[in-house]
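Undergrad:
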Ligand SMILES: [Zn+2]
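Numbering (the working numbering), first residue to last: 2 to 264.
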């Protein structure tokens, strides 16, 4: 299952899941985990909301034990937390400061990991990267499923780079942040950014060319641009909360200048 990093996490599948029991064979803990994960990242369980184990057990037609086990896994991924005598609640969304701290850490590690990957990636990793590049080109702007497909490719690319670096501890650190899970939850229902697809292509080109300097630079540029997109999303959210008039008519979030003045 997703927690042991064997299989890449399928955001598209999470978005498409409904509360019916799926037909593929899996253990009850996996079933409960995937259903809960889906509800948490698509906000069917809102941030901070109490997670009723009894109701879930009835809904999924399973006992409470696998649901408790799944919640423990989700607690480790910081998507749920337990309060004594109250039970589990859905975690709050990352704050602006937390996102900023997360990107600061990513900027320390991921450009270097990309440089190492350009030097160390084996043929299997390079083939996987080339295939991923093709798939990501096909992701289009559009509905939430398109965004899920983009997020999935994004998570896969960053994990591939981390592993191809050849440094196990770097790979574990990057994967252990569950960055894409939290960012997906935050940006759910936004569009797949065409610009990010271009940035990813630049990273992959540098890796395929085995150019560590270009790989470092392309990763750094991509992370800085991602951080700017997150920031724009925060500003849009703040603007909505403040009840300001709508953003520009092309539907993009309000530009940087406005939000800065209000800080
Ligand atoms: Zn990315």
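Just so you know, even glycine gets a beta-carbon here, dropped at the ideal spot from N, CA and C.
For ligand 1, is there a heavy atom less than 7 Å away from the beta-carbon of residue 197?
TA: Indexing the chain shown from 1 puts residue 197 at position 196. Checking the Cβ of residue 197 against ligand 1 gives yes.
Undergrad: Apply the 10 Å Cβ neighbour rule to residue 139 and answer buried if 16 or more other Cβ atoms are within range, or exposed otherwise.
TA: Your numbering for residue 139 matches position 138 in the chain shown. With fewer than 16 other Cβ atoms within 10 Å, it is exposed.
Undergrad: How about residue 201: is its Cβ closer than 7 Å to a heavy atom in ligand 1?
TA: Here the question's residue 201 lines up with position 200 in the chain shown. Residue 201 Cβ: within cutoff of ligand 1.
Undergrad: Label residue 217 either buried or exposed according to how many other C-beta atoms from any shown protein chain fall within 10 Å of its C-beta, with 16 as the threshold for buried.
TA: Locating residue 217 in the chain shown gives position 216, counting from the first residue. The residue is buried, with at least 16 neighbouring Cβ atoms inside 10 Å.
Undergrad: What first and last residue would you give for the alpha helix (DSSP H) that runs through residue 177?
TA: On the chain shown, position 176 is the one that residue 177 refers to. Where residue 177 is concerned, the enclosing alpha helix (DSSP H) stretches over 169-177.
Undergrad: I'd like to confirm something about residue 155: is its beta-carbon nearer than 7 Å to some heavy atom of ligand 1, or not?
TA: If you number the chain shown from 1, residue 155 lands on position 154. Answer for residue 155: yes, Cβ within range of ligand 1.
Undergrad: Alpha carbon to alpha carbon, how far is residue 229 from residue 109? Give it in angstroms, no decimals.
TA: Taking the first residue of the chain shown as position 1, residue 109 is located at position 108. Taking the first residue of the chain shown as position 1, residue 229 is located at position 228. Rounded to whole angstroms, residue 109 to residue 229 spans 17 Å at the Cα level.
Undergrad: Give the single residue among 214, 206, 149, 211 whose Cα lies nearest to the Cα of residue 187.
TA: Working through the chain shown from its first residue, we reach residue 187 at position 186. Checking every option, the nearest Cα to that of residue 187 belongs to 149.
Undergrad: Answer yes or no: the CB of residue 223 versus the heavy atoms of ligand 1, is any distance below 7 Å?
TA: Position 222 of the chain shown, counting from 1, holds the residue named residue 223. Flag set: Cβ of residue 223 near ligand 1.
Undergrad: Determine contact between the stretch 158-174 and the stretch 123-139, defined as no fewer than three beta-carbon pairs at a distance below 8 Å.
TA: In short, these stretches touch, since the Cβ pair count reaches three.
Undergrad: Taking Cβ to Cβ, would you say residue 37 is nearer than 8 Å to residue 72?
TA: As a working mapping, residue 37 is identified with position 36 in the chain shown. As a working mapping, residue 72 is identified with position 71 in the chain shown. Contact flag set, yes.
Undergrad: Hey, residue 207 and residue 197 are a contact pair by Cβ (cut 8 Å); roughly how many whole angstroms apart?
TA: The residue labelled residue 207 in the question sits at position 206 within the chain shown. The residue labelled residue 197 in the question sits at position 196 within the chain shown. About 16 Å; that fails the 8 Å criterion.
Undergrad: For residue 211 and residue 205, I'd like the C-alpha separation in whole angstroms.
TA: By 1-based counting over the chain shown, the position of residue 211 is 210. By 1-based counting over the chain shown, the position of residue 205 is 204. Their backbone Cα atoms lie some 10 Å apart in a straight line.
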